[in-house]
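Peer 1:
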Amino acid sequence: MEKRTRRYSLIALLGVALASALFPAFNPPELPDACSQEVLHRQRGYSFIYPYITDPNSAYAPYFLDWQEYYRSYYQQDTIQKIANLEEWNERFCGYSSLGEVEDIVYKASDSELRALHQSAETPTNKPPLPSRIADNTFALSIATSSCTEVTSYLIYARACEFYVVRRAPLQAVPEMLRLIQEGERMFEGYQSYFLKLRLAYQMIRLAHYAGQPEMAIRLYNRLIDNRIDKKTLGSSIVTGWTLGHLAGALQQMGNYPEAAWRFSLVFRNCPSKRRQAYNSIYFRNDEDWNAALHLCRDDKERSTLYLIRAAKSPTMEAAELQTIYELDPGNPQLEYPFIRAVQDMEKIFLRTRVTDQKANIKDGVQIREKRAPALLDLQKLARRVIRENQVYNPKLWRALNGYLQLLAGDSYGAEMTWNRLEADLKKRDDYDKQLRKQMDQWRMLLRIMQLDPAKTFIDAEAYRLMEEDVFKENPDFQFFLEDWLASAYIANQRPGKALLAAYPPEAIGYNPDMAVIDDLLALAEEENPVMLEKVMQIDTNVDRVKAILLEYKGAALLGRGEVEGAYSVMDKISEVEKAKMKKFAPFRENFSERVHTNVGAADSLQLSRFEIAKMLIDYEFRAKASESTGKKQDAAIYYYFMGLAHYNMSYFGYAWEAVDFYRSGYNWGRLQQGPVFSLPGSPDGNKEYTDVSLALQYFNKAYEIAETRELSARALFMAARCQQKQWFCNKDNQYHYKGTQDQLIPVLPQQYMGFYNVLNKKYADTRFYEQAIQECKWLALYAK
Amino acid sequence: MGTKKENTVIRVLFRFSLAFLLLQPYACREKDAIPNVFPDPQLPVWYYWKTTLQLSARERALLDSMQCRHVYVKIEDVGGDAETLAQLAIPDTARLSGLHLEPVIFIANNSFKNRSSEALERLAQAHAASFKSCAARWPQYFGNKPERVQIDCDWTPSTKNTFFQYLKILKTHLPAATKLGITLRLHQYRDPEGTGIPPADFAVLMAYNTGNISDWEEENSILKLSDLRAYLHQRGDYPLPLRWALPLFEWTLVYRADELWKIIPQTTNWKDTEKFRPIAVSAPGTCRRFEVISGTFVAGHYLRPGDLLRCEKISPETLQQAADLLRSQSDLKAAAPCFFTLDSSTAAQNSAQMLELLWKKEPGDIH
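Read top to bottom, the protein sequences are chains A and B. Here the numbering used here is used: position 48 in the first sequence is 49, and no number is missing along the way. Here the numbering used here is used: position 346 in the second sequence is 348, and no number is missing along the way.
Laid out in structure tokens, this is it:
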């Protein structure tokens with residue numbers, strides 16, 4: 002009893018999802034924000050590399066690692082630069098102040114505040130009070146009491162320069178910038194402090210660079226930096242790198258690209274606060290520039306930096322490039338970033354499944370994986386060599402990633418062994434080793450998903466158990482990967498229904514109904530333990546309701562294809578209680594309008610469920626044939642006419658399209674020639690529109706042929722002509738783009754599609770029906786001319 | 003509470019006004035009734051898209067020989083986070099005298115994703131300030147004050163509302179006499195009901211980028227006549243005053259690991275057979291293709307062995323046919339074309355005489 006109750010509740014969940022899917026939409030849905038993450042994953046593939054196996058905040062990391070969101074959220078180079086600068090100022094004043102106080106003076110103080118501070122600093126006794134905003138600032142007080150007038154005059158000078166360097170200086174500002182440089186040179190000669198001399202030189206070189214005077218910038222650098230500032234200051238100050246960056250920029254402006262590139266690479270290597278600018282500025286016009294820059298390097302470490310930058314600028318990392326960097330500088334701590342990046346490239350290719358590709362509309366995913374397999378082997382080979390030679394900065398990381406590469410290459414046993422051996426060497430209390438363990442836990446979870454066997458009965462239960470584990474919840478990619486992996490496995494095991502539900506929302510059943518999918522779901526509803534339905538579906542109902550919904554999907558699709566008997570027999574299996582709940586439509590009504598959302602559900606129309614429509618169509622067919630065989634041709638013609646009406650009205654072009662279609666997109670009017678199946682995001686097989694009106698045309702033609710009154714003939718001809726017009730819209734050779742209303746864009750039909758219109762206009766223009774129709778249908782009026 | 007009769011009248015009026023509103027976009031229009039916001043519509047206009055405006059003698063000569071007085075100049079590049087990536091620099095005003103420069107601001111579509119009203123207000127204010135700055139400075143350089151500004155953004159259904167809102171706000175911050183324009187993509191031109199009609203004073207239809215640039219198999223992503231035909235067929239009623247722009251640029255697309263990686267703005271540097279292996283093309287006239295066989299630096303990019311290259315440009319014949327097609331549209335035939343984009347390469351490769359044929363010749367039989 003308990004089992005049965007549970008089964009009902011499980012299956013019941015299917016119903017709501019299916020029921021909600023039965024409500025059609027008119028336009029492709031906008032992807033809500035929650036979905037954008039999934040869309041991103043479809044395009045980019047999955048990643049199971051845990052950022053903390055390396056230092057994601059290393060200033061090198063963003064150039065290699067693909068944790069875009071992480072860096073967007075947490076990594077701000079401007080902040081790094083500012084903090085480094087504040088720390089250097091604070092250190093200069095013995096670190097007595099907070100960084101906030103230093104910031105208040107160095108970055109935020111106004112010109113008048115700085116001048117007041119300067120006045121205080123240069124007054125030996127009875128110092129004038131500081132402005133109220135900085136009166137209690139210990140950094141300001143320290144400057145004032147120490148009489149550091151060099152500092153205050155520098156800060157005033159820097160504030161004056163700032164105006165010209167924050168944004169691109171206008172042409173007319175150049176004279177003032179040159180005047181400031183002259184003033185700076187005078188101050189430089191008078192200063193004692195190397196700390197401030199370097200900063201002054203930086204301000205002047207930057208001004209010259211931004212004033213479009215690169216020669217002057219180079220001259221100033223050579224004159225002021227190389228000979229006039231002591232090595233200790235140059236070696237310890239962050240401003241050295243900043244200045245070098247402007248020298249490199251000036252060299253580039255002068256056309257000396259190789260030296261500029263070499264100097265930018267030094268900034269990139271040694272100056273985290275200007276790394277981004279250096280990376281963005283480095284430029285090799287050709288191979289000669291590259292070779293000359295390599296020649297300027299003083300050792301292999303500098304050369305390896307050039308190779309690192311070159312590699313970082315590529316969207317994919319190759320083992321050969323990594324090998325070059327490794328051979329030049331095996332102990333380079335930055336080497337692990339391009340290696341992790343290379344592994345990220347591989348996981349995005351080799352963890353994709355056929356369903357992942359299908360969702361991202363990638364048709365040649367298998368070929369891509371085949372093509373990239375040698376690159377994966379090359380990377381494994383390099384990893385093994387690096388581990389064997391044991392010269393790298395962090396060999397544990399290489400061992401862990403080597404196991405992951407084995408998993409990506411399909412060697413799950415090897416991967417497990419590699420991780421087990423590494424785990425045995427890890428220390429329990431070491432923080433970094435803890436992160437590595439966490440990483441391996443994630444990979445083991447991945448391994449467990451990949452080992453799910455769809456041939457086993459309880460695979461769904463096992464999958465949902467995995468979903469409950471903490472490790473699974475730590476990385477959102479697990480959910481997406483599991484869905485795609487399971488769906489691919491179900492496809493391979495001929496379970497198309499389960500495959501669809503695993504990877505797509507249940508409304509996808511109705512986009513382009515596939516009989517195999519619906520039959521599989523019906524079989525699933527009969528299973529003993531349909532855990533999947535329980536989890537996927539969200540309704541409190543019973544097994545009959547679920548089956549009724551699925552049978553109605555199937556019946557509607559058959560009705561749309563014109564397989565009326567099939568539709569009837571399928572929907573006849575729906576229980577009587579459920580039949581009574583079926584939605585009603587009114588497809589047997591005449592309607593001359595082209596609008597598909599006309600409300601024909603009025604009380605004067607015959608309201609029928611899909612099942613009743615099928616039943617009535619079978620009945621009419623029987624009556625038509627019977628009337629025809631007994632010579633009652635007019636009666637037969639009427640039945641044929643109504644059958645034609647029903648099929649036309651239930652088509653994509655009719656107001657009763659909902660009787661056969663669960664999702665209709667008005668956008669497809671503009672591309673009917675590409676149909677009847679149109680691409681639709683979130684649907685495995687696109688969106689089928691029921692644009693085939695050939696059956697309706699057959700019935701109208703037959704009605705026209707045997708009708709005994711001119712009025713009925715005119716009616717049948719008119720509808721047949723509409724069918725032909727729609728067939729022309731769908732013709733692959735037709736470039737007519739239907740959009741707008743009838744009176745605006747009159748489609749000119751080729752003669753072979755004008756047959757029924759021509760007969761109607763020539764022979765039936767005197768009928769009452771024609772008079773009425775020509776008033777209501779402007780197309781007909783124009784065709785009549 | 004009105005009488006029954008009054009209620010009926012109200013209902014009828016309501017229905018009538020609703021129908022009027024619904025049908026309004028499709029109603030027949032007299033083209034002449036639309037105020038013409040384009041000065042000198044019979045003269046071509048060039049786009050200038052580099053971040054430093056410094057015309058060469060050849061570029062200026064081309065403008066003069068075409069009697070071209072107006073140049074659409076990109077003054078600002080706005081990136082996906084609505085941040086200004088680049089602003090126009092004019093280091094040398096020589097060869098600019100007498101020209102009417104009209105500012106264009108390029109905004110990446112992502113800038114309009116999840117943008118609050120306050121952020122839109124800030125963005126619009128900043129761009130209005132950029133325009134005003136040009137309006138204040140440019141007259142002293144070359145004598146003419148800009149009276150129009152164009153916003154170049156490939157808006158999509160998900161950003162449409164925000165983008166339109168931005169345009170409305172921007173308009174309120176611009177001087178009253180300033181005309182606000184937008185660039186229009188072909189799909190937006192084809193489907194104004196679906197993509198919406200921007201609240202702007204005019205539009206320039208960019209008649210290119212018809213293909214799928216990401217697809218290595220694509221014949222030519224810049225412009226294919228068959229694609230253009232499909233976009234234009236039987237339209238001609240766009241509800242904003244329009245000009246149209248033809249592509250005079252060329253580029254080489256670099257594909258790495260089955261994905262488009264870089265765009266290199268030239269097509270001629272692939273002659274070294276030790277570095278580039280030509281790939282046979284299936285039909286004459288289709289784009290040249292190469293495979294990189296030896297690693298090399300080109301235009302700042304390191305091309306790796308295995309990279310694939312497709313060189314795209316539009317032949318004069320195709321341009322002529324495209325121009326004929328565009329001029330057959332009732333809403334495009336009145337104006338001379340715009341050209342994208344003026345640089346040393348286009349100035350060297352195109353003569354005024356050749357380009358003038360694009361709109362001075364009678365359209366041939368295009369069907």
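Beta carbons: idealized from backbone N, C-alpha and C, even for Gly.
1. For His129(B) and chain A, any beta-carbon pair shorter than 9 Å?
2. Beta-carbon of Trp263(B) versus every beta-carbon of chain A: anything under 9 Å?
3. Which class does Lys634(A) belong to by DSSP, given the choice of helix, strand or coil?
4. At the 9 Å Cβ level, is Asp662(A) part of the contact set with chain B, yes or no?
5. Taking Ile184(B) and Ile153(B) to be in contact with their CB atoms under 8 Å, please state how far apart those CB atoms are, rounded to whole angstroms.
6. Considering only DSSP beta bridges, list what Met208(B) is partnered with.
7. Can you tell which of Arg258(B), Cys313(B), Leu234(B) and Leu250(B) has its C-alpha closest to the C-alpha of Lys273(B)?
8. Check whether the Cβ of Arg311(A) lies closer than 9 Å to any Cβ atom in chain B.
9. Are Val472(A) and Tyr405(A) touching if we call contact CB-CB under 9 Å?
10. Taking the straight line between their C-alpha atoms, what separation do you get for Trp486(A) and Met441(A)?
11. Roughly how many angstroms separate the alpha carbons of Leu64(B) and Ser58(B), rounded to a whole number?
12. As a quick exercise: from Gly46(A), Ala766(A) and Lys779(A), pick the residue whose alpha carbon is nearest that of Gly366(A).
13. From which residue to which residue does the alpha helix (DSSP H) around Glu470(A) run?
14. Closer than 9 Å by beta-carbon distance: list the chain A residues that pair up with Phe299(B), in chain order.
15. Which partner residues does Thr124(A) have in the DSSP bridge list?
16. Rounded to a whole number of angstroms, what is the C-alpha to C-alpha distance between Arg71(B) and Glu78(B)?
17. Indicate whether Leu357(B) and Pro46(B) have their beta-carbon atoms separated by less than 9 Å.
18. Name, please, each residue of chain B whose Cβ falls closer than 8 Å to the Cβ of Ser315(A).
19. Answer with buried or exposed for Leu559(A), where buried requires no fewer than 16 other C-beta atoms within 10 angstroms of its C-beta.
20. Tell me, please, whether the segment 584-591 of chain A touches the segment 545-552 of chain A by the rule of three or more beta-carbon pairs shorter than 8 Å.
21. Anything in chain A within Cβ reach of Gly196(B), meaning under 7 Å, just list it in chain order.
22. Contact defined as beta carbons within less than 8 Å: I believe Val106(B) pairs with Val75(B). What is the distance between those atoms, to the nearest angstrom?
23. Would DSSP call Ala209(A) helix, strand or coil?
24. According to DSSP, simplified to helix, strand and coil, what is Ile350(A)?
25. Assign Tyr75(A) to buried or exposed, taking buried as 16 or more other Cβ atoms, counted over all protein chains shown, within 10 Å of its Cβ.
26. Quick one: what's Ala88(B) bridged to in DSSP?
27. Nearest chain B C-beta to Val40(A) closer than 9 Å, yes or no?
28. Do you know offhand how far Pro41(B)'s Cα is from Glu163(A)'s?
29. Given that Glu319(A) touches chain B, what residues does it touch there, using C-beta distances under 8 Å?
30. Taking a contact to mean a Cβ-Cβ separation below 9 Å, would you say Arg150(B) touches Thr180(B) in this structure?
31. Would Lys382(A) pass as an interface residue toward chain B - the criterion being a Cβ-Cβ separation below 9 Å?
32. Determine, for Asp515(A), whether the minimum Cβ-Cβ distance to residues of chain B falls below 9 Å.
33. Roughly how far, in whole angstroms, is the beta-carbon of Pro685(A) from the beta-carbon of Leu501(A), given that I think they are within contact range, below 8 Å?
34. Which one or two residues does DSSP pair with Glu104(A) in a beta bridge?
35. Based on the DSSP secondary-structure assignment, which residues constitute the bridge partners of Pro105(B)?
36. Assign Glu577(A) to buried or exposed, taking buried as 16 or more other Cβ atoms, counted over all protein chains shown, within 10 Å of its Cβ.
Peer 2: Reading from the atomic positions:
1. Counting from one through the second sequence, the residue named residue 129(B) turns up at place 127. Contact of His129(B) with chain A is not assigned, every C-beta pair being separated by 9 Å or more.
2. For the purposes of this step, residue 263(B) is taken as the residue at position 261 of the second sequence. For Trp263(B), the answer is yes, since a Cβ of chain A falls inside 9 Å of its Cβ.
3. Looking up residue 634(A) in the first sequence gives position 633. DSSP, read as helix, strand or coil, puts Lys634(A) in helix.
4. Taking the first sequence and counting its residues from 1, one reaches residue 662(A) at position 661. For Asp662(A), the nearest beta carbon of chain B is not closer than 9 Å to its own beta carbon.
5. Here residue 184(B) refers to the residue found at position 182 of the second sequence. Here residue 153(B) refers to the residue found at position 151 of the second sequence. The pair is a contact, with the Cβ atoms about 5 Å apart (cut-off 8 Å).
6. Along the second sequence, read from residue 1 onward, the residue named residue 208(B) stands at position 206. Paired residues: Arg187(B) and Ala247(B).
7. Within the second sequence, the letter at position 271 stands for residue 273(B). The shortest C-alpha separation from Lys273(B) is found at Cys313(B).
8. As a first step, residue 311(A) must be located in the first sequence, where it is residue number 310. Chain B contact via Cβ: present.
9. Taking the first sequence and counting its residues from 1, the one referred to as residue 472(A) is at position 471. Taking the first sequence and counting its residues from 1, the one referred to as residue 405(A) is at position 404. No, the Cβ-Cβ distance between Val472(A) and Tyr405(A) is not below 9 Å.
10. Position 485 of the first sequence, counted from the start, is the residue given in the question as residue 486(A). Position 440 of the first sequence, counted from the start, is the residue given in the question as residue 441(A). C-alpha separation (whole angstroms): 20 Å.
11. What you label residue 64(B) is simply residue 62 of the second sequence in a count that begins at 1. What you label residue 58(B) is simply residue 56 of the second sequence in a count that begins at 1. C-alpha separation (whole angstroms): 10 Å.
12. Position 365 of the first sequence, counting from 1, holds the residue named residue 366(A). Closest by alpha carbon: Gly46(A).
13. In the first sequence, the residue the question calls residue 470(A) occupies position 469. Neither: Glu470(A) is in no alpha helix (DSSP H) and is coded neither H nor E.
14. Within the second sequence, numbered from 1, the residue matching residue 299(B) stands at position 297. Against chain A, the beta carbon of Phe299(B) has neighbours under 9 Å at Phe285, Arg286, Asn287, Asp288, Glu289, Asp290, Trp291 and Arg311, listed in chain order.
15. Within the first sequence, residue 124(A) is the residue found at index 123, counting from 1. Note: Thr124(A) sits in no beta bridge, so no partner.
16. Counted from its first residue, the second sequence places residue 71(B) at position 69. Counted from its first residue, the second sequence places residue 78(B) at position 76. Approximately 21 Å, taken between the alpha carbons.
17. Sequence index remark: in the second sequence, residue 357(B) carries index 355 (1-based). Sequence index remark: in the second sequence, residue 46(B) carries index 44 (1-based). The answer is yes: Cβ separation under 9 Å.
18. Taking the first sequence and counting its residues from 1, the one referred to as residue 315(A) is at position 314. Simply Arg258, Trp263, Tyr304 and Arg306.
19. If you number the first sequence from 1, residue 559(A) lands on position 558. When all chains shown are included, Leu559(A) counts as buried.
20. With a cut-off of 8 Å, the segment 545-552 of chain A and the segment 584-591 of chain A do not count as touching, because too few Cβ pairs lie within range.
21. Numbered from its first residue, the second sequence carries residue 196(B) at position 194. For Gly196(B), the neighbours in chain A by C-beta distance under 7 Å run, in chain order, Tyr668.
22. Position 104 of the second sequence, counting from 1, holds the residue named residue 106(B). Position 73 of the second sequence, counting from 1, holds the residue named residue 75(B). Indeed, because the Cβ distance is near 6 Å, the residues count as touching under 8 Å.
23. Here the question's residue 209(A) lines up with position 208 in the first sequence. DSSP places Ala209(A) within a helical segment (H, G or I) once states are collapsed to three.
24. Residue mapping note: residue 350(A) aligns to position 349 of the first sequence, counting from 1. Looking at Ile350(A) - three-state DSSP - the assignment turns out to be helix.
25. As a working note, residue 75(A) is residue 74 in the first sequence. In this prediction, Tyr75(A) has a pLDDT of 44, which is less than 50 and means its spatial position is unreliable; what the coordinates show is noted afterwards. Counting Cβ neighbours within 10 Å, Tyr75(A) comes out exposed, since fewer than 16 surround it.
26. In the second sequence, the residue the question calls residue 88(B) occupies position 86. DSSP output for Ala88(B) lists Asp79(B) as bridge partner(s).
27. In the first sequence, residue 40(A) corresponds to position 39, counting from 1. For Val40(A), the pLDDT reaches just 44, beneath the cut-off of 50, and the residue's location in the model is therefore unreliable, although a value from the coordinates is still provided. Not one chain B Cβ lies under 9 Å of Val40(A).
28. Taking the first residue of the second sequence as 1, we reach residue 41(B) at position 39. Taking the first residue of the first sequence as 1, we reach residue 163(A) at position 162. Rounded to whole angstroms, the separation of the alpha carbons of Glu163(A) and Pro41(B) is 41 Å.
29. Position 318 of the first sequence, counting from 1, holds the residue named residue 319(A). Here the neighbours are Arg306.
30. Numbered from 1 along the second sequence, position 148 holds the residue referred to as residue 150(B). Numbered from 1 along the second sequence, position 178 holds the residue referred to as residue 180(B). In this structure, Arg150(B) places its C-beta atom within 9 Å of the C-beta atom of Thr180(B).
31. Translated into positions along the first sequence, residue 382(A) becomes position 381. Not one chain B Cβ lies under 9 Å of Lys382(A).
32. Locating residue 515(A) in the first sequence gives position 514, where the first residue counts as 1. Proximity of Asp515(A) to chain B, defined by a Cβ-Cβ separation below 9 Å, is not satisfied.
33. Translated into positions along the first sequence, residue 685(A) becomes position 684. Translated into positions along the first sequence, residue 501(A) becomes position 500. Contact flag correct, Cβ pair sits at about 6 Å.
34. Position 103 of the first sequence, counted from the start, is the residue given in the question as residue 104(A). None, per the DSSP bridge assignment.
35. Your numbering for residue 105(B) matches position 103 in the second sequence. Pro105(B) pairs with Val75(B).
36. Along the first sequence, read from residue 1 onward, the residue named residue 577(A) stands at position 576. A residue is called buried once 16 or more other Cβ atoms fall within 10 Å of its Cβ, and Glu577(A), having fewer, is exposed.
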